[in-house]
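What follows is a short report on a single structure.
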Amino acid sequence: MATLVFELTGEQAALVRCFPIEQMRLAKPNLGYKLLVALMAEGAITHVLSLNFDKAVQNAAAELGVQIAVVTEPGDGVPMRAALVQLHGNADSVPEAMILRTEVLNEGWIGQWHQLVAQQILATPAILFAGLGSAAPVLSTTIDMIQNALAGGKQLYQADAAPFDTNVFAQQLSIPADRYIHGTWGVVVSKLAERIAAAQVDALRANGAALLAENGVEAADRDKFVALTERLRNQALLVLGKFRAHAVLDRAALYRPHSLHTDELLAEPLLRLAQLSEHFGWTALPAPGGTWTLNADGRVIGHLVLASGGGVRRLSALEPSARAVCERINENAVIPADFVLVGAPAAEAPPLAHVDLIADEDPADIIGGPSEALIISANDPDYLDRIGRLLHAA
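Counting in our numbering, the sequence shown tops out at residue 534, every number present.
Shown next, in the form of structure tokens:
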């Protein structure tokens, strides 16, 4: 069809005008796309080479607040950092730049930018082809060339919903059965995300416990930290990213990649949460929004956010970001956040009088209550009493 339109009109624009371009631009990302972006942020996936025209990956990145490079135009270089390369263009491309015609798909890429980009990305040690039921010549031919140069040493994998023995692309690339994943690409990224999430919980437990030990925290309290951390064991990768984003009170991002730094920032707030839970006889449980609930007798009695000042920001400096994060959380929360527990805030200047960083309403008012979450320093010697009064448990 594209070739026929081009022969009749001398351009592709007439065909492209029939495409749902606006829907392609606004494509709503599903869970698979969000996990893909998170895995790119973690470095588990470095480059994504796509033949699609929609912007679902970009929209997933925007929703999560993750920065990825996007390459769509001939002549653009491919960065070493995480990048999406849409080899045939995308919904923002001018019609004549989109790769649509059979003759261009089969041969027009040879010796052009598309081949150079494919060679650069496909030269990586491990490649997963996902959702390609039929071969794209720019990919299959380039792989053949690289495989010949490496004497077949490249690790190729394929994931597809079709059975292995009927998949033509798998046969063309000589992908062995033990490297063929019978499932959609969404299943593949979900399984990979589960493994990454489990490794991150292990790292948080080890890094946090090591920091607490360096700071002279007693073994019994370190054990409380470890026990609480284990409750994150079955949380999804996207949820763990939210915990880290909230820890730094990130107003823009819903996902923050794992690092030693974020593990250490979370160590003290998690310890304080474990201590206050034990003090009141509550059970602290992680929530899908990257927050924690306090539970007793089968009911939720409190909802909180854990954050850190990193030892460099005062509570007063953290307040605007804490407010913004709580507002975002409360937009989708069944129960609004009651308080933000901040670990390692910098010391405040001596106040003229003690003032709770809340709205003007009385937190003990059972009719109105506080209109905003209370911000509490874990270094406040009265933090347990303040939380008890707030949740009517003192």
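C-beta: ideal position from N, C-alpha, C; glycine also.
Asked, Found
"Within its chain, find whatever has a CB closer than 7 Å to the CB of L413; leave out the 5 residues flanking it on each side and keep chain order.", "L368, A424, W432, L446 and L481"
"In chain order, which continuous runs of the alpha helix (DSSP H) of length 4 or greater are located wholly inside the stretch 444 to 493?", "455 to 472"
"My guess is that D194 and A167 are in contact by the Cβ rule of under 8 Å, so how many angstroms apart are they, rounded?", "4 Å"
"D525 by DSSP, collapsed to three states: which one?", "helix"
"Assuming the contact rule is C-beta atoms closer than 8 Å, R329 and L175 should be a hit. Round their C-beta distance to whole Å, please.", "Sequence check: residue 329 is Val here, not Arg. Right, their Cβ atoms sit about 4 Å apart."
"Would you identify the three-state DSSP class for G323, choosing helix, strand or coil?", "coil"
"Count the other CB atoms within 10 Å of the CB of V474; is the residue buried (16 or more) or exposed (fewer)?", "exposed"
"Three-state secondary structure (DSSP) at Q252?", "coil"
"Between F420 and Y173, what straight-line distance do the alpha-carbon atoms span, to the nearest angstrom?", "41 Å"
"Can you look up D437 in the DSSP assignment and give me helix, strand or coil?", "coil"
"Compute the distance between the beta-carbons of F479 and L410, then report whether it is under 9 Å.", "no"
"Please classify R373 as buried or exposed, where buried requires at least 16 other C-beta atoms within 10 Å of its C-beta.", "exposed"
"DSSP has G442 in a bridge; who is on the other side?", "L434"
"Under three-state DSSP, which class holds G509?", "At G509 the pLDDT is 48, less than 50, meaning the model places this residue with poor confidence; the figure from the coordinates comes in the next sentence. Three-state result, G509: coil."
"Flag this pair as touching only if the stretch 176 to 184 and the stretch 329 to 346 have three or more C-beta atom pairs under 8 Å; answer yes or no.", "yes"
"Note down, in chain order, each residue of its chain lying with its Cβ closer than 8 Å to the Cβ of A196, except the 5 sequence neighbours on either side.", "A167, K168, P169, N170 and Y173"
"Considering only their Cβ atoms, is the gap separating A376 from A337 smaller than 9 Å?", "yes"
"Under 8 Å by Cβ, that's how I've got V206 and V177 pegged, so tell me the actual separation to the nearest angstrom.", "5 Å"
"List the DSSP bridge partners of F304.", "The partner list for F304 (beta bridge, DSSP) is empty, contrary to what the question assumes."
"Tell me where the alpha helix (DSSP H) around P409 begins and ends.", "L400 to F420"
"Can you tell me which of the three DSSP states Q152 falls into?", "coil"
"If you compare alpha carbons, which of I315, A513 and L204 is closest to A266?", "I315"
"Which one of G217, E236 and L455 has the shortest CA to CA distance from L157?", "The amino acid occupying residue 157 in the given sequence is Arg; Leu does not appear at that position. Closest by alpha carbon: E236."
"Could you check if L179 is buried or exposed, using at least 16 other CB atoms within 10 Å of its CB as the buried criterion?", "buried"
"If you compare alpha carbons, which of L400, L524, L313 and P214 is closest to L268?", "L313"
"Measure the alpha-carbon distance for L189 versus Y297 and round it to whole angstroms.", "14 Å"
"Grouping DSSP H, G and I as helix and E and B as strand, with all else coil, what is I161?", "helix"
"For P426, write down the residues that DSSP places opposite it in a beta bridge.", "W432"
"Compare the Cα-Cα distances from L240 to each of E151, N199 and R165 and report the closest residue.", "E151"
"I'd like to know if L530 contacts chain E, where contact means its C-beta is closer than 9 Å to some C-beta of that chain.", "The chain labelled as chain E is not found in the depicted structure, where only one protein chain is given."
"DSSP on F365, reduced to helix/strand/coil?", "helix"
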